[in-house]
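Number of protein chains: 2
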Amino acid sequence: MVEGAKMVAEVMADGQHEVEAVFATPDWAEANFPLPSHWQEKLMVVAPAELKKISTHPSPNQVLAILKQPDLTFNHQSIPNNLSLYLDDIRDPGNFGTILRIADWFGIQWVFCSENCVELYNPKTINASMGAFLRVKCLAIPFTELKAALPPDLPVCGAVLEGTSIFETDLPIPSILIIGNESQGISSALLPYISKKISIPKSKAGGAESLNAAVATGILCAQFMMGK
Amino acid sequence: MVEGAKMVAEVMADGQHEVEAVFATPDWAEANFPLPSHWQEKLMVVAPAELKKISTHPSPNQVLAILKQPDLTFNHQSIPNNLSLYLDDIRDPGNFGTILRIADWFGIQWVFCSENCVELYNPKTINASMGAFLRVKCLAIPFTELKAALPPDLPVCGAVLEGTSIFETDLPIPSILIIGNESQGISSALLPYISKKISIPKSKAGGAESLNAAVATGILCAQFMMGK
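Chain order of the listed sequences is L and E. The first sequence begins at 1 in the numbering used here and counts up by one. The second sequence begins at 1 in the numbering used here and counts up by one.
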């Protein structure tokens, strides 16, 4: 489910998702007439009060589209020659969507995730991704299965407390970067797979115990993709 | 209002906030007996169902404390010799709290904010800050007033689209870093005050229009405080 005029316009322009239903206010339907034919035939014009009943947004929207989830297949040849992420048990849909937005900004094509992660198609994930879910490929797959499909020498990086500062080490690309759970970090089952332990250094005067998972992902991806 | 056993324990240990009331379940009250005397005399033991009624959390908590907001005064001598943030119209309480947590991690002592920012004492801000609101000093003040109180040659940095990449320029410290609104960026009234325009570079293959405000703040602060 994709909500709001801006996001729906982006999905329509992108054209890669099959649409199942479109609910829109009369104003939106008129302003956007005619839609692409396969959208127009799925359009239902409803009163703003009706739209509000189906919306997950606190404030009313003009339009809401239900899309078919794409079938995504993965083989080792799909892995591009840069950084890919593996999300290990990310539970907050806002964090998940924000991480997809980060991946989109830094040109990261694949975001893999463990099967206990929050659902990609949670409306809060979709909203927080700000359209990134259209461009970043996201696939739930057990880590062992992913690892078996990848070249054995592909580095696996993970941020852990005792890791080397990202500002004082070379960050390998291509590689896989594991992002751990919001409160537990990277699960003990995945730790043995990490070939390069890294960390975001804390200031000597710093007090916080940790950073938010999406913020940490942003700092790591910036340094991997753009840092010198 | 501060919720949950972990956060309340942190506030009690910190000892800097005056407590107005404490609501706790019998289990928590017993396990934590005796509280510091000025906490003990404000304690009201309530049934879990009653606590749930006053809580803003979706899942029940063991304890909830109401604190007095501290009086924070600012003069130019309070500005430490490092980076301070100025939040220009940050509207999302989750972003605000997450930014305080980032400041806490990187040892940034002052976070100033415009008066149209979301309220610091919004429970969602307090929760997202993960205790950082206890350590980071936060003050709502018009930018012009802050500027007038600071040394005139203190650099004012701001992330704007046409800025120089943070990975290709020296980032001055001490300085003030302005963080703009989630959708509008830095307001036009503040742009003339920026003496150093910077930006987080986007990958050539990147698709996203922007980064989340808290993620951008994290990447900027990491590079200012820790980057080489």
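Think of the CB as a built atom: it goes at the ideal place given N, C-alpha and C, for glycine as much as any other residue. Values in this document were obtained by computation on a predicted structure and should not be read as measured data.
Residue i, DSSP secondary structure in three states
i	result
residue 208 (chain E)	coil
residue 157 (chain E)	strand
residue 171 (chain E)	coil
residue 218 (chain E)	helix
residue 162 (chain L)	strand
residue 6 (chain E)	helix
residue 121 (chain L)	coil
residue 190 (chain E)	coil
residue 224 (chain E)	helix
residue 1 (chain E)	coil
residue 51 (chain E)	helix
residue 89 (chain L)	coil
residue 18 (chain L)	coil
residue 72 (chain E)	coil
residue 79 (chain E)	coil
residue 12 (chain L)	helix
residue 248 (chain E)	Residue 248 (chain E) is absent from the model: chain E starts at 1 and stops at 228.
residue 59 (chain E)	coil
residue 127 (chain E)	helix
Where the alpha helix (DSSP H) containing residue i begins and where it ends
i	result
residue 144 (chain E)	143-149
residue 100 (chain E)	93-105
Exposed unless 16 or more other CB atoms sit within 10 angstroms - verdict on residue i
i	result
residue 202 (chain L)	buried
residue 225 (chain E)	buried
residue 72 (chain E)	exposed
residue 104 (chain L)	buried
residue 130 (chain L)	buried
residue 7 (chain L)	buried
residue 186 (chain L)	buried
residue 61 (chain L)	buried
residue 64 (chain E)	buried
residue 3 (chain L)	buried
residue 14 (chain E)	exposed
residue 133 (chain L)	buried
residue 100 (chain L)	buried
residue 33 (chain E)	exposed
residue 31 (chain L)	exposed
residue 128 (chain E)	buried
residue 116 (chain L)	exposed
residue 283 (chain E)	Shown here, chain E extends from 1 to 228; a query on residue 283 (chain E) therefore has no answer.
residue 83 (chain E)	buried
residue 144 (chain E)	exposed
residue 161 (chain E)	exposed
Unbroken beta strand (DSSP E) run spanning residue i, endpoints
i	result
residue 65 (chain E)	63-67
residue 111 (chain E)	110-113
residue 197 (chain E)	196-199
residue 139 (chain E)	137-140
Cross-strand partners of residue i (DSSP beta bridge)
i	result
residue 44 (chain L)	L:23
residue 181 (chain L)	L:185
residue 176 (chain L)	L:84, L:156
Selection from the options that minimises the alpha carbon distance to residue i
i	options	result
residue 257 (chain E)	E:114, E:159, E:127, E:124	The structure shown does not extend to residue 257 (chain E), since chain E is modelled only from 1 through 228, so no value can be given for it.
residue 135 (chain L)	E:227, E:205, E:108	E:205
residue 40 (chain L)	L:79, L:211, L:22, L:106	L:22
residue 119 (chain L)	L:216, L:182, L:90, L:101	L:90
residue 12 (chain E)	E:58, E:55, E:66, E:53	E:66
residue 74 (chain L)	L:19, L:188, L:1, L:138	L:138
residue 177 (chain L)	L:191, L:3, L:34	L:191
residue 153 (chain L)	L:116, L:194, L:159	L:194
residue 233 (chain L)	L:1, L:223, L:27	Only positions 1 to 228 of chain L appear in this structure, which leaves residue 233 (chain L) out of reach.
residue 26 (chain E)	E:106, E:117, E:44, E:36	E:44
residue 188 (chain L)	L:58, L:93, L:88, L:30	L:88
residue 151 (chain E)	E:174, E:10, E:92	E:174
residue 29 (chain L)	L:16, L:18, L:17, L:9	L:9
residue 123 (chain L)	L:31, L:169, L:57	L:57
residue 181 (chain E)	E:84, E:211, E:50	E:211
Residue i: CB within 6 Å of a non-hydrogen atom of the ligand NAD
i	result
residue 135 (chain E)	Absent from the structure shown: the ligand NAD. Ligands present: none.
CB contact below 7 Å: residue i versus chain C
i	result
residue 61 (chain E)	Of the protein chains in the structure, L and E, none is chain C.
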